[in-house]
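What follows is a single structure, written as structure tokens, with notes after it.
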Amino acid sequence: MDVLLPSLVDGLLIGFVYGLAAMGLTLIFGVMDVVNLSHGALIVLGMFGVYLLYTALGLPPYVGLFIMLIAGILLGMALYGIAIHPLLGGPHLSTLLSTFAVSMVIIGVGTALFTSTPRNIDFSLGAVQVGNIRLLGTRVVAAFVAIIMAVGLYVFMYRTHTGKSIRAVANNRDAAELVGIPSRRILALSFGLGTMLAMVSGGLIATLFPFNILSGGVYELKSFVICVLGGMGNPTGALLGGLILGLIEGFVPVFMPVGWTPVIEFTLFVIILLVRPSGLLGAR
Amino acid sequence: MMILEARDLASGYGELQILWDVSLNLQQGRLTTVVGSNGAGKTTLLRTLMGLLKPWKGTISFDGRDVTRLSPHEKAELGMILIPEGRQLFTDMTVLENLEMGATPKRARPKMEENLEKVFELFPRLKERMHQKAGTLSGGEQQMLAIGRGIMGDPLLLMLDEPSLGLAPLLVIELFDIIRKLKEAGLTMLLVEQNVHLALAVSDYAYVLSQGRIEIEGEAAVVRQMDEVREAYLGL
Chain A
10 MDVLLPSLVD GLLIGFVYGL AAMGLTLIFG VMDVVNLSHG ALIVLGMFGV YLLYTALGLP
70 PYVGLFIMLI AGILLGMALY GIAIHPLLGG PHLSTLLSTF AVSMVIIGVG TALFTSTPRN
130 IDFSLGAVQV GNIRLLGTRV VAAFVAIIMA VGLYVFMYRT HTGKSIRAVA NNRDAAELVG
190 IPSRRILALS FGLGTMLAMV SGGLIATLFP FNILSGGVYE LKSFVICVLG GMGNPTGALL
250 GGLILGLIEG FVPVFMPVGW TPVIEFTLFV IILLVRPSGL LGAR
Chain B
4 MMILEARDLA SGYGELQILW DVSLNLQQGR LTTVVGSNGA GKTTLLRTLM GLLKPWKGTI
64 SFDGRDVTRL SPHEKAELGM ILIPEGRQLF TDMTVLENLE MGATPKRARP KMEENLEKVF
124 ELFPRLKERM HQKAGTLSGG EQQMLAIGRG IMGDPLLLML DEPSLGLAPL LVIELFDIIR
184 KLKEAGLTML LVEQNVHLAL AVSDYAYVLS QGRIEIEGEA AVVRQMDEVR EAYLGL
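Residue numbers (this note's numbering), protein chains in the order written: chain A, 10 to 293; chain B, 4 to 239.
Shown next, in the form of structure tokens:
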């Protein structure tokens, strides 16, 4: 019990960050029916962005994170124009391939520039003691940032005209055009937001764990598991799925070797697909 | 004054040509109808006018400017609003959100409150169901919402595609009462209908579309008396 509770709380904190990453994936799927296979590479881009700004310019990771936020939206909108828009309306395979190609380009260039040496952001915020649980400051802040971002996204989607326009385009693109919504711009913005979420969560993860240029794959798979858990296209479900995954990661190592974690996660993934393919909260 | 002029429009899907040299003139402040049987090309005509389909040839001008190549959202911005066949609501969003989305054009934004009141006055039921998801409304209520969403766009020209489709007879009568009210309020409309009898009764000017061509045009009251129309469309 002495080990379990702290481990679960720790897992929960990380779960918020996983949930945030998965929201990026699920947002893009929900709005334009595109499974973004460059998600993992974009997470890594966020990691390296924060890392390089910290090591080369001495910018604190949370300032770097803010820069990733802006850069993510811009990069995502550019990627939409290059890799998504020309293929929209075609078969699913074309956008799968084009986003996979984007991923290969990012990882290829990244490997050439940075090799696959492990990196680590040498940055600490100390620890806080809550009862008999000791929490690392960086994890608390990461969870806090993830919650703020998730709430911010929710408010944006439900309270602003632009956010509602995104939901309208997701719901019925032709009808959105008919009421005067420039659907192409809205789709580009949505891809920008999805990219931003991937890069910001990557930046957050970089403050927690060591990583290298190839780390994206692991987190991309986690995002897929989370999206299926919560229901594809459902951002609230993604957050819930992230928390469940975080809890599993806190729970498993207490009872068995940590190598079992992915086994349990993917077993859950398969069970959900078999028993409740629309996810716990239902797909969009 | 003409609000919309279409010259020699041709369009279709893929290789299949549906419209052949269709010309229309819509006068401001009048209710014009395009009637015709199923498959005559009525919906294709509206989709082409609105830009959901690109015209193969011909020109469209609206409010004195050439809009042939504009996309639907640009046309909506200018005041051309289409209420599409099958309502096409944002079913996952609330009634109020659907109406708010209707007010997307810049010219409609400042009038949003005013138009919202107008819509709720016309359709008190929508006010009661304001926070309900649009997908949970009955067919009649959905059609009201579709019209309400169109009014929210503060249209200079409101185009309605088969609004009576799938409605119970009593609701059809109610719908045509609404259309008449909007006309009396001075709204310029283009009504496309299969219900030829009611459409001709409520309209000022009529076009009869057959196999993708305009076959007959004239004042609705005159068209209604024509033998070929009475035989082919009114079953008299």
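The beta carbon of each residue, even a glycine, is placed where N, CA and C say it ideally should be.
Nothing here was measured: the structure is a model prediction, and the numbers come from that model.
*So what does DSSP say about R227 of chain B, is it helix, strand or coil?*
What you label residue 227 of chain B is simply residue 224 of the second sequence in a count that begins at 1. R227 of chain B: helix per DSSP, three-state reduction.
*Use the C-beta contact count for P127 of chain A: other C-beta atoms within 10 angstroms, 16 or more gives buried, fewer gives exposed.*
Walking along the first sequence from the start, residue 127 of chain A turns up at place 118. Exposed, by the Cβ-count rule.
*Give a yes or no on whether the C-beta atoms belonging to V211 of chain B and V38 of chain B are separated by under 7 Å.*
Reading the second sequence from its first residue, position 208 is the one you call residue 211 of chain B. Reading the second sequence from its first residue, position 35 is the one you call residue 38 of chain B. A contact, by the Cβ cut-off of 7 Å.
*asked:* In the DSSP output, which residue or residues are listed as bridge partners for F65 of chain B?
replied: Position 62 of the second sequence, counting from 1, holds the residue named residue 65 of chain B. According to DSSP, F65 of chain B bridges with B:L7, B:R68.
*Among A:G291, A:V53, A:G172, which has the Cα closest to the Cα of V111 of chain A?*
Looking up residue 111 of chain A in the first sequence gives position 102. Ranking A:G291, A:V53, A:G172 by Cα distance to V111 of chain A puts A:V53 first.
*Comparing the C-beta of P100 of chain A with each C-beta of chain B, is any distance below 7 Å?*
Mapped onto the first sequence, residue 100 of chain A falls at position 91. No, P100 of chain A lies away from the interface with chain B (no Cβ there is under 7 Å from its Cβ).
*What does P191 of chain A reach in chain B if we use C-beta pairs closer than 7 Å?*
Residue mapping note: residue 191 of chain A aligns to position 182 of the first sequence, counting from 1. Simply H76.
*May I ask you to list the residues that DSSP assigns as paired with F220 of chain A?*
Here residue 220 of chain A corresponds to residue number 211 of the first sequence, with the count starting at 1. Note: F220 of chain A sits in a beta bridge opposite A:R128.
*Mind reading off the beta-carbon distance from V209 of chain A to M77 of chain A? Whole number of angstroms is fine, and I expect it under 8 Å.*
The sequence position of residue 209 of chain A within the first sequence is 200, counting from 1. The sequence position of residue 77 of chain A within the first sequence is 68, counting from 1. Distance from V209 of chain A to M77 of chain A at the Cβ level is roughly 5 Å; contact confirmed, criterion being Cβ atoms closer than 8 Å.
*Interface flag, F65 of chain B vs chain A, CB-CB below 7 Å*: The sequence position of residue 65 of chain B within the second sequence is 62, counting from 1. So, not an interface residue.
*Best match in A:L17, A:N45, A:V137, A:L22 for proximity to G201 of chain A [C-alpha to C-alpha]*: Numbered from its first residue, the first sequence carries residue 201 of chain A at position 192. Measuring from the Cα of G201 of chain A, the nearest candidate turns out to be A:N45.
_Measuring only the C-alpha atoms, how far is L34 of chain A from S232 of chain A?_
Against the first sequence, residue 34 of chain A aligns to sequence position 25. Against the first sequence, residue 232 of chain A aligns to sequence position 223. Cα to Cα, the separation comes out at about 7 Å.
*Taking Cβ to Cβ, would you say L190 of chain B is nearer than 7 Å to L161 of chain B?*
As a position in the second sequence, residue 190 of chain B is number 187, starting the count at 1. As a position in the second sequence, residue 161 of chain B is number 158, starting the count at 1. Against a cut-off of 7 Å, the Cβ pair of L161 of chain B and L190 of chain B comes out as a contact.
*Would you mind stating whether A215 of chain A and M32 of chain A have Cβ atoms separated by less than 7 Å?*
Taking the first sequence and counting its residues from 1, the one referred to as residue 215 of chain A is at position 206. Taking the first sequence and counting its residues from 1, the one referred to as residue 32 of chain A is at position 23. No, the Cβ-Cβ distance between A215 of chain A and M32 of chain A is not below 7 Å.
*Using a C-beta to C-beta distance shorter than 7 Å, which residues of chain B count as neighbours of A177 of chain A?*
Along the first sequence, read from residue 1 onward, the residue named residue 177 of chain A stands at position 168. Within 7 Å Cβ-Cβ: F93, M96, M104.
*Are the segment 179-196 of chain A and the segment 60-74 of chain A in contact at 8 Å, needing three or more beta carbon pairs?*
no
*Within its chain, find whatever has a CB closer than 7 Å to the CB of Y163 of chain A; leave out the 5 residues flanking it on each side and keep chain order.*
Translated into the one-based positions of the first sequence, residue 163 of chain A becomes position 154. Here the set comprises nothing.
*Determine the direct distance from the alpha carbon of T169 of chain A to that of K184 of chain B, and round the result to whole angstroms.*
Locating residue 184 of chain B in the second sequence gives position 181, counting from the first residue. Locating residue 169 of chain A in the first sequence gives position 160, counting from the first residue. Their Cα atoms are separated by approximately 33 Å.
*P16 of chain A by DSSP, collapsed to three states: which one?*
The residue given as residue 16 of chain A occupies position 7 in the first sequence. For the record, residue 16 of chain A in the displayed sequence is Ser; it is not Pro. In this structure, S16 of chain A counts as helix in the three-state DSSP scheme.
*Hey, could you find the ends of the beta strand (DSSP E) A209 of chain B is sitting in?*
Position 206 of the second sequence, counted from the start, is the residue given in the question as residue 209 of chain B. Segment 208-213, the beta strand (DSSP E) holding A209 of chain B.
*What number of angstroms, rounded off, separates the C-alpha of S16 of chain A from the C-alpha of L252 of chain A?*
As a first step, residue 16 of chain A is located in the first sequence; it is residue number 7 there, counting from the start. As a first step, residue 252 of chain A is located in the first sequence; it is residue number 243 there, counting from the start. So the two alpha carbons sit approximately 13 Å from each other.
*If we cut at 7 Å on Cβ distances, does E124 of chain B have a partner in chain A?*
On the second sequence, residue 124 of chain B is found 121 positions in, with the first residue counted as 1. Cβ-Cβ to chain A under 7 Å: no for E124 of chain B.
*Counting Cβ pairs closer than 8 Å, one from the segment 77-87 of chain B and one from the segment 156-170 of chain B, do we hit at least three?*
Pairwise C-beta distances place the segment 77-87 of chain B in contact with the segment 156-170 of chain B, as three or more of them are shorter than 8 Å.
*Starting from the N-terminal side, write out each stretch of the alpha helix (DSSP H) that is 4 residues or longer and does not extend beyond the segment 157-217 of chain A.*
170-180, 182-187, 192-215
*Would you say L85 of chain B faces chain A, with C-beta separation under 7 Å as the test?*
Counted from its first residue, the second sequence places residue 85 of chain B at position 82. Output row for L85 of chain B: interface = yes.
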